[in-house]
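See below for the structure under consideration.
2 protein chains.
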Amino acid sequence: MKIAILLFDNFTALDVAGPYEVLSNIPGANIYFTAEKAGLYKNNKGMQISADYSLSDIPDPEILVIPGGFGIDAILGNQNILNWIKAVHEKSLWTTSVCSGALLLAEAGILNGRKATTHWNRVEQLKKYPVEFVNERYVKDGKIITSAGVSAGIDMALYLTGLAFNDKLAQLIQLAMEYDPQPPFNSGSPQKAPKEILELFKSAKASGKK
Amino acid sequence: MKIAILLFDNFTALDVAGPYEVLSNIPGANIYFTAEKAGLYKNNKGMQISADYSLSDIPDPEILVIPGGFGIDAILGNQNILNWIKAVHEKSLWTTSVCSGALLLAEAGILNGRKATTHWNRVEQLKKYPVEFVNERYVKDGKIITSAGVSAGIDMALYLTGLAFNDKLAQLIQLAMEYDPQPPFNSGSPQKAPKEILELFKSAKASGKK
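For the record, the sequence lines run as chains X and H.
Just so we're aligned: the first sequence equals residues 395 to 604 in the numbering used here.
Just so we're aligned: the second sequence equals residues 395 to 604 in the numbering used here.
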């Protein structure tokens with residue numbers, strides 16, 4: 395099973411590492427970090443992950459994962475990346491995104507007429523495309539699964555593992571990663587966060603945009 | 395605020411990226427990926443992250459994060475790393491671990507007589523040290539905070555952000571990363587997982603040990 399995760403500068407770290415942690419533990423799965431050119435890619439806070447493959451090296455992954463991040467806007471017009479995504483999607487078993495990665499799928503036309511989700515702070519941007527936004531943690535439409543912001547990629551990847559393989563494998567991986575979340579605060583969505591925190595977010599938009 | 399995250403070969407990706415995602419979003423925080431020697435370090439499934447600093451480059455981080463992974467066993471006897479951890483801990487504001495990273499703190503003597511936690515599958519190994527194991531998601535004892543397996547590093551880092559800064563900042567970061575977990579299965583701990591899954595884990599120990 396060939397799984398490609400797209401890298402680009404200013405990706406969000408957990409968008410990448412969440413699905414990676416789940417999917418890389420599928421027996422027989424091989425993860426290919428793929429970018430326009432092979433090399434080191436820098437997260438917006440300095441973490442550097444190596445993309446060992448360029449787009450042309452990985453023409454036919456069975457699973458495609460598009461993470462998000464501040465850097466997504468800079469590649470929305472990148473025809474090399476868009477063409478690769480379109481070609482990969484034609485043959486993929488599953489095409490997925492985390493967070494603002496959905497915008498790249500939308501720009502590639504893959505979400506036209508489809509149900510999808512994204513980071514809560516990117517919803518207006520997604521709605522500019524002919525996409526039906528659904529406010530869920532992850533959304534499946536055919537072979538496309540999009541997920542909400544950042545940490546939602548973990549939930550999406552476990553769901554995908556259940557679908558693409560079986561629920562027992564997904565549960566086994568959940569147990570191995572001790573994914574029994576106990577957030578010390580209840581502030582994980584605009585609906586749940588205290589109003590004051592939502593206001594703080596809006597006033598500090600630059601640091602919040604994912 | 396100087397924050398060091400230790401890297402070594404065969405780290406667990408989410409042990410690193412979970413706390414990183416939280417702590418790197420603290421305004422003014424600088425994360426230093428630090429390893430015995432600067433260079434690329436390979437996760438057990440192939441992801442490569444760059445350690446831009448060697449131990450001697452970062453003698454005095456205010457916050458220390460020790461992630462876990464298969465590779466932890468190979469460095470439990472590494473005197474360079476152990477001595478660095480001891481020296482850093484003397485001056486740190488907070489010394490933390492994720493998953494089996496607690497074993498390295500234990501080996502350095504830092505957990506002697508302390509309460510601590512680790513990945514559920516590493517508990518017996520931790521109990522070989524003079525440490526009081528506590529079965530919690532994260533455990534604070536003085537300025538030391540240890541956390542349970544893999545994904546627990548996210549919860550620990552939010553808790554730490556609240557302690558080291560303030561709860562509003564932690565809530566703001568939780569909102570930015572849309573950390574509103576909704577695992578599709580309920581299998582995240584040995585207590586919650588179906589018996590059959592726990593048996594599967596034990597029989598596939600090699601792939602489960604974190």
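A virtual CB, placed ideally from N, CA and C, is assigned to each residue, including glycine.
Here the structure is a predicted model, which means the values were calculated and not measured.
Looking at chain H, is there any beta carbon in it that lies within less than 8 Å of the beta carbon of residue i?
{"i": "Gly412(X)", "result": "yes"}
{"i": "Ala558(X)", "result": "no"}
{"i": "Leu566(X)", "result": "yes"}
{"i": "Leu622(X)", "result": "One cannot answer for residue 622(X) here, as it falls past the ends of chain X, which runs 395 to 604."}
{"i": "Ala496(X)", "result": "no"}
{"i": "Phe427(X)", "result": "yes"}
{"i": "Ser491(X)", "result": "no"}
{"i": "Leu552(X)", "result": "yes"}
{"i": "Ala398(X)", "result": "no"}
Based on the DSSP secondary-structure assignment, which residues constitute the bridge partners of residue i?
{"i": "Ala510(X)", "result": "Phe527(X)"}
{"i": "Lys396(X)", "result": "Asn424(X)"}
{"i": "Thr458(X)", "result": "Checking the displayed sequence, the identity of residue 458(X) turns out to be Leu instead of Thr. DSSP lists Ala398(X), Thr489(X) as partners of Leu458(X)."}
Closest Cβ-Cβ distance between residue i and chain X: below 8 Å?
{"i": "Glu415(H)", "result": "yes"}
{"i": "Val517(H)", "result": "no"}
{"i": "Glu572(H)", "result": "yes"}
{"i": "Trp514(H)", "result": "yes"}
{"i": "Gly602(H)", "result": "Unreliable positioning characterises Gly602(H) in this predicted model, as indicated by a pLDDT of 44, which lies under 50. The coordinate reading is nonetheless provided below. Yes, because at least one Cβ of chain X sits closer than 8 Å to the Cβ of Gly602(H)."}
{"i": "Asp467(H)", "result": "no"}
{"i": "Lys599(H)", "result": "no"}
{"i": "Asp403(H)", "result": "no"}
{"i": "Leu470(H)", "result": "no"}
{"i": "Lys562(H)", "result": "yes"}
Which residues mark the beginning and the end of the alpha helix (DSSP H) in which residue i is found?
{"i": "Val482(X)", "result": "473-485"}
{"i": "Asp454(H)", "result": "It is not in any alpha helix (DSSP H) - Asp454(H) carries neither H nor E in the DSSP assignment."}
{"i": "Val517(X)", "result": "517-520"}
{"i": "Ala468(H)", "result": "466-469"}
Residue i lies in the beta strand (DSSP E); which residues open and close that run?
{"i": "Gln585(X)", "result": "Where Gln585(X) is concerned, there is no enclosing beta strand (DSSP E), given that its DSSP letter is neither H nor E."}
{"i": "Ile504(H)", "result": "From DSSP, Ile504(H) is part of no beta strand (DSSP E); its letter is neither H nor E."}
{"i": "Tyr532(H)", "result": "532-535"}
{"i": "Val492(H)", "result": "488-492"}
{"i": "Ser541(H)", "result": "538-541"}
Please tell me whether residue i has its Cβ less than 8 Å away from any Cβ of chain A.
{"i": "Ser418(X)", "result": "Considering every chain present, this structure includes no chain A. Its protein chains are X and H."}
### Query
Quick one, which residues of the region 452-464 of chain X are near chain H if we go by CB-CB under 7 Å, in chain order?
none
### Query
Residues in the region 532-547 of chain X with C-beta within 7 Å of chain H's C-beta atoms, listed in sequence order?
Ala542, Gly543, Val544, Ser545, Ala546
### Message
For a minimum of 4 consecutive residues, which ranges assigned as the alpha helix (DSSP H) are wholly contained in the region 398-450 of chain X?
### Response
407-417
#### Entry: Short-range partners of chain H found in the region 574-594 of chain X, where Cβ spacing is below 8 Å
Asp574, Pro575, Gln576, Pro577, Pro578, Phe579, Ser581, Gly582, Ser583, Pro584, Lys586, Ala587, Pro588, Glu590, Ile591, Leu592, Leu594
### Task
Closer than 7 Å, Cβ to Cβ, to anything on chain H: give me those residues from the region 433-453 of chain X, in chain order.
Leu434, Lys439, Gly440, Met441, Gln442, Ile443, Ser444
### Task
Could you name each continuous alpha helix (DSSP H) segment of 4 residues or more that falls completely within the region 543-576 of chain X, going from the start of the chain to the end?
546-558, 561-570
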